[in-house]
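The structure under discussion appears below in the form of structure tokens.
2 protein chains.
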Amino acid sequence: MKEFFNVTTIEAVLALRQTFGPVVSQSVSLEQALNRVLATDVAADRDIPGFDRATVDGYAVCAASTYGASEGAPAYLTVVGAVEMGHTPGGTVGPGQATRIATGGMLPAGADSVVMVEHTGVIDKGTIEVYRSVAPGQHVVTRDEDAAKGQLLLSAGIRLRPQELGMLAACGMKDVIVHQRPRVGIISSGDEVVPVTVDPAPGQVRDVNSHTLAALVRQGGGVPTCYGIVPDRFEDLLDMCRKALAHNDMVLVSGGSSVGTRDLTVEVLGALEQSRILVHGVSISPGKPTILAQCGAKPFWGLPGHVTSTMVVFMVLVRPFLSRLTGWINDAPVRVPARLTRNVASAQGRVDFVRVALRHQAGETWAEPILGASGLIRTMVAADGLIAIALNDEGLEQGAAVEVMLF
Amino acid sequence: MKEFFNVTTIEAVLALRQTFGPVVSQSVSLEQALNRVLATDVAADRDIPGFDRATVDGYAVCAASTYGASEGAPAYLTVVGAVEMGHTPGGTVGPGQATRIATGGMLPAGADSVVMVEHTGVIDKGTIEVYRSVAPGQHVVTRDEDAAKGQLLLSAGIRLRPQELGMLAACGMKDVIVHQRPRVGIISSGDEVVPVTVDPAPGQVRDVNSHTLAALVRQGGGVPTCYGIVPDRFEDLLDMCRKALAHNDMVLVSGGSSVGTRDLTVEVLGALEQSRILVHGVSISPGKPTILAQCGAKPFWGLPGHVTSTMVVFMVLVRPFLSRLTGWINDAPVRVPARLTRNVASAQGRVDFVRVALRHQAGETWAEPILGASGLIRTMVAADGLIAIALNDEGLEQGAAVEVMLF
Chain A
-15 MKEFFNVTTI EAVLALRQTF GPVVSQSVSL EQALNRVLAT DVAADRDIPG FDRATVDGYA
45 VCAASTYGAS EGAPAYLTVV GAVEMGHTPG GTVGPGQATR IATGGMLPAG ADSVVMVEHT
105 GVIDKGTIEV YRSVAPGQHV VTRDEDAAKG QLLLSAGIRL RPQELGMLAA CGMKDVIVHQ
165 RPRVGIISSG DEVVPVTVDP APGQVRDVNS HTLAALVRQG GGVPTCYGIV PDRFEDLLDM
225 CRKALAHNDM VLVSGGSSVG TRDLTVEVLG ALEQSRILVH GVSISPGKPT ILAQCGAKPF
285 WGLPGHVTST MVVFMVLVRP FLSRLTGWIN DAPVRVPARL TRNVASAQGR VDFVRVALRH
345 QAGETWAEPI LGASGLIRTM VAADGLIAIA LNDEGLEQGA AVEVMLF
Chain B
-15 MKEFFNVTTI EAVLALRQTF GPVVSQSVSL EQALNRVLAT DVAADRDIPG FDRATVDGYA
45 VCAASTYGAS EGAPAYLTVV GAVEMGHTPG GTVGPGQATR IATGGMLPAG ADSVVMVEHT
105 GVIDKGTIEV YRSVAPGQHV VTRDEDAAKG QLLLSAGIRL RPQELGMLAA CGMKDVIVHQ
165 RPRVGIISSG DEVVPVTVDP APGQVRDVNS HTLAALVRQG GGVPTCYGIV PDRFEDLLDM
225 CRKALAHNDM VLVSGGSSVG TRDLTVEVLG ALEQSRILVH GVSISPGKPT ILAQCGAKPF
285 WGLPGHVTST MVVFMVLVRP FLSRLTGWIN DAPVRVPARL TRNVASAQGR VDFVRVALRH
345 QAGETWAEPI LGASGLIRTM VAADGLIAIA LNDEGLEQGA AVEVMLF
């Protein structure tokens, strides 16, 4: 039995990420910043909220005025005013006094806590009774409790979720410096591949990979550009690869599942300017015939032709490189623990990625392997994620604990 | 102690989803269809792949020609041709014959299986030896193995992932019918709220909620429009609500944490045309003072002013309604099991949502509660998700098994 190439482990491929750096940054408005990666640290421009703030509706008081108060022996306080929302309250609150305040209002001078309105009763226009004592600071957010001026709030390299955008808004940042979205060129190769709009003749298949890869790139924070289908001819493929490289930060060529196409891709990669093949074959299944080259400062991938193989390789290998280009530091995929519904065999010497569907039954989460050849897109449609069977495992038994990497 | 309103349970609020229907559909190109919700069933336009296809590089053969073959006693076959990719092979393969074929090639007439090239040796130009037998159908994907013509492949109501887009491409669909993205109007109310660009005076806070809610809407598949900040005056709020209702499929007003604002929101909702208050208070914490009204065919939410309360209510209640508007059927959030790092107290009679950060330690996933008042945006920034403490639980103990609803 012949071995066509020397395979690299997944870990060794992933370690090559540091060969490449994040793309440059740009300023975008908060409205455009969701899921973008922060390119600078952000510190608070001021104390937030900036004043002592009531967290309930009630009365601002000196806590000491309420000590010992109960339903049976209420404390009686004189109401000396009301706090107007959005303004500094005029008066002060002394011992035995109270000022009416709404949630979010600014505490008047002298007050150190708020009695909930539910724990008070109105005696007359100027007097309330209080049924419960409060401690100093109770029902109050202090002036720098959310952030103190100058405090580091967000670090470069995080991906912005709704709450981080809220934090940026709280800091008065209408615009934010993020990494650009990496541009990713996508080329389909293969004499048998025809565009989606064409009715395939016998022997031909529609171009599934370009659309699938474009969506994966978009999902991973990149901007895909599809360069269509290139026949398996050296000059044609070389020209298209040059073009895609010139206009993108990373390039994906898919279609090299046969030895011939794979050889062609390697030949083309070798002929590109400033290129160096880093990986030629990975100990992964499906997806063994994966190629990674460095072209100048850009990663260039030769991906398998089968769509499921290409999707697995994208998720396990390409996406972490895309994250690296976006500047995102903590890009670990979500993993859900589950138990296998049946035995799964695996060959040693490679990491097997098995498509699974999640089923919830009797309080447990089960991973049901989806069977079928790796050329079948329906197996990916039926699946919720992937499980990995380690390099030296011969398989997993029914009931085994697995971690499902969600799509 | 007074109770300000009768609360509705979370389940009862969610059951009201069926009061509202999905928005209308539109045709979009595959490039724009990621994460959109399919509005029609999709069936295969033809058999896929449409011909018997090799899944490995090797030789197309009649399986019977290889029976009994081994390293010690190979089968000798006559090579009668080679399959050209993308074309119907000309000849036929008879017993004792073989045709060279690459991965993805179309099987010639007569052949029923493929021998891997790794299991063959070349004797001379016209003869190979085969070291392993194959079974009929081995290393072949049959003409309708991915899909048979007319077969239902994708159902209306699913959200399109990269693999579903691949499936649509395989079916020749350059465009796809999806539900429109629901338009969601967002209004911030409160006399203390100022735009992000303003330096707040004492007693004022920047408008964090509009930005956070807009991002949550976007994340949930909607198109947000922010209508800015409206002071706590009946006429102003009514006018803005009418405007937002006219141009959107759902409206969110945030800012009513004090009894006064809450009353104002209820008053305004009552004054809107064809409006009906469905929910006034929910047994949830934070987020109890949530209001849901039906205005014509549209849901209208009054959300609490504290940003974390508003985020929790959005995730638990508003997002499922948004999913309903998008037409998405299976919108369950991802839940990761974990164990609590410390005791958490909870009041009975409400479901408490606690912000937690995930920590991975010694092969286990731990949920670390993030403490802090619900007005503090930093508590959401520090968190990875939420855990729920059930209506009748008084709390959870350190080490308790929880499910984390990821942000």
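First to last, the protein sequences are chains A and B. Under my numbering, read the first sequence as residues -15 to 391, first letter to last. Under my numbering, read the second sequence as residues -15 to 391, first letter to last. Beta carbons are placed, not taken as given, at the ideal position from N, Cα and C, and that holds for glycine. In this text, all values refer to a predicted model and were calculated from it rather than measured experimentally.
Hey, does residue i have any beta-carbon neighbour from chain A nearer than 8 Å?
i	result
residue 272 (chain B)	no
residue 200 (chain B)	yes
residue 133 (chain B)	no
residue 149 (chain B)	yes
residue 44 (chain B)	no
residue 242 (chain B)	yes
residue 119 (chain B)	no
residue 361 (chain B)	yes
residue 318 (chain B)	yes
residue 158 (chain B)	yes
residue 106 (chain B)	no
Using 10 angstroms around the beta-carbon of residue i, count the other beta-carbons present and answer buried if the total reaches 16, otherwise exposed.
i	result
residue 112 (chain B)	buried
residue 344 (chain A)	exposed
residue 231 (chain B)	exposed
residue 298 (chain B)	buried
residue 107 (chain A)	exposed
residue 35 (chain A)	buried
residue 282 (chain A)	buried
residue 187 (chain B)	buried
residue 392 (chain A)	The shown model of chain A, from -15 to 391, leaves out residue 392 (chain A), and the question about it has no answer.
residue 193 (chain B)	buried
residue 286 (chain B)	buried
Is there a Cβ of chain B sitting closer than 8 Å to that of residue i, yes or no?
i	result
residue 234 (chain A)	no
residue 427 (chain A)	Examination of residue 427 (chain A) is not possible in this model, given that chain A is present from -15 through 391 alone.
residue 305 (chain A)	no
residue 187 (chain A)	yes
residue 337 (chain A)	no
residue 389 (chain A)	no
residue 203 (chain A)	yes
residue 251 (chain A)	no
residue 209 (chain A)	no
residue 72 (chain A)	yes
residue 380 (chain A)	no
residue 212 (chain A)	no
residue 334 (chain A)	no
residue 34 (chain A)	yes
residue 169 (chain A)	no
Terminal residues of the continuous alpha helix (DSSP H) containing residue i?
i	result
residue 298 (chain A)	Per DSSP, residue 298 (chain A) belongs to no alpha helix (DSSP H) and is neither H nor E.
residue 105 (chain B)	Per DSSP, residue 105 (chain B) belongs to no alpha helix (DSSP H); it is in the beta strand (DSSP E), 104 to 108.
residue 310 (chain A)	303 to 310
residue 1 (chain B)	Note, residue 1 (chain B): premise wrong, no alpha helix (DSSP H); not H, not E.
residue 150 (chain B)	146 to 154
residue 231 (chain B)	218 to 231
residue 34 (chain A)	Note, residue 34 (chain A): premise wrong, no alpha helix (DSSP H); not H, not E.
residue 165 (chain A)	Segment: none, residue 165 (chain A) is in no alpha helix (DSSP H) and carries neither H nor E.
Start and end of the beta strand (DSSP E) containing residue i?
i	result
residue 15 (chain A)	Careful: residue 15 (chain A) lies outside any beta strand (DSSP E) and carries neither H nor E.
residue 322 (chain B)	319 to 324
residue 363 (chain A)	Here residue 363 (chain A) belongs to no beta strand (DSSP E); instead the alpha helix (DSSP H) covers 361 to 365.
Tell me residue i's beta-bridge partners as DSSP assigns them.
i	result
residue 344 (chain A)	A:349
residue 113 (chain A)	A:60 and A:105
residue 237 (chain A)	A:171 and A:286
residue 397 (chain A)	The structure shown does not extend to residue 397 (chain A), since chain A is modelled only from -15 to 391, so the question has no answer here.
Would you say residue i touches the ligand FAD, meaning its beta carbon is less than 7 Å from a heavy atom?
i	result
residue 224 (chain A)	With respect to the ligand FAD, the structure offers nothing, as it holds no ligand at all.
field: At least three beta-carbon pairs within less than 8 Å, the segment 288 to 307 of chain A to the segment 197 to 210 of chain A
entry: Flag = yes, the segment 288 to 307 of chain A and the segment 197 to 210 of chain A touch.
query: Okay, do the segment 44 to 62 of chain B and the segment 77 to 91 of chain B touch, 3+ Cβ pairs below 8 Å being the bar?
result: Contact check between the segment 44 to 62 of chain B and the segment 77 to 91 of chain B: three or more CB pairs, one atom from each, fall below 8 Å, which counts as touching.
task: Determine contact between the segment 121 to 137 of chain B and the segment 351 to 364 of chain A, defined as no fewer than three beta-carbon pairs at a distance below 8 Å.
output: Yes: the two stretches touch, three or more of their Cβ pairs being nearer than 8 Å.
task: Inspect the CB distances between the segment 135 to 148 of chain A and the segment 167 to 183 of chain B and report whether three or more fall short of 8 Å.
output: Contact between the segment 135 to 148 of chain A and the segment 167 to 183 of chain B is absent: fewer than 3 CB-CB pairs across the two stretches fall below 8 Å.
query: Do the segment 260 to 280 of chain A and the segment 89 to 106 of chain A make contact, defined as three or more Cβ pairs closer than 8 Å?
result: They do not touch, by the three-pair rule.
query: Are three or more beta carbon pairs between the segment 55 to 66 of chain A and the segment 253 to 272 of chain B nearer than 8 Å?
result: No, the segment 55 to 66 of chain A is not in contact with the segment 253 to 272 of chain B.
- prompt: Quick check: the segment 322 to 342 of chain B against the segment 378 to 387 of chain B, are there 3 or more CB pairs under 8 Å?
  reply: Judged by Cβ distances under 8 Å, the segment 322 to 342 of chain B makes contact with the segment 378 to 387 of chain B, as three or more pairs qualify.
- request: Report yes or no: do the segment 205 to 212 of chain B and the segment 251 to 258 of chain B share at least 3 C-beta pairs separated by less than 8 Å?
  value: With the rule of 3 Cβ pairs closer than 8 Å, the segment 205 to 212 of chain B does not count as touching the segment 251 to 258 of chain B.
- prompt: Within the chosen definition, does the segment 86 to 101 of chain B reach the segment 2 to 11 of chain B through at least 3 CB pairs nearer than 8 Å?
  reply: Verdict: no, contact absent.
- prompt: So, do the segment 17 to 24 of chain A and the segment 150 to 165 of chain A have three or more beta carbon pairs nearer to each other than 8 Å?
  reply: With a cut-off of 8 Å on Cβ pairs, the segment 17 to 24 of chain A is in contact with the segment 150 to 165 of chain A, counting three or more such pairs.
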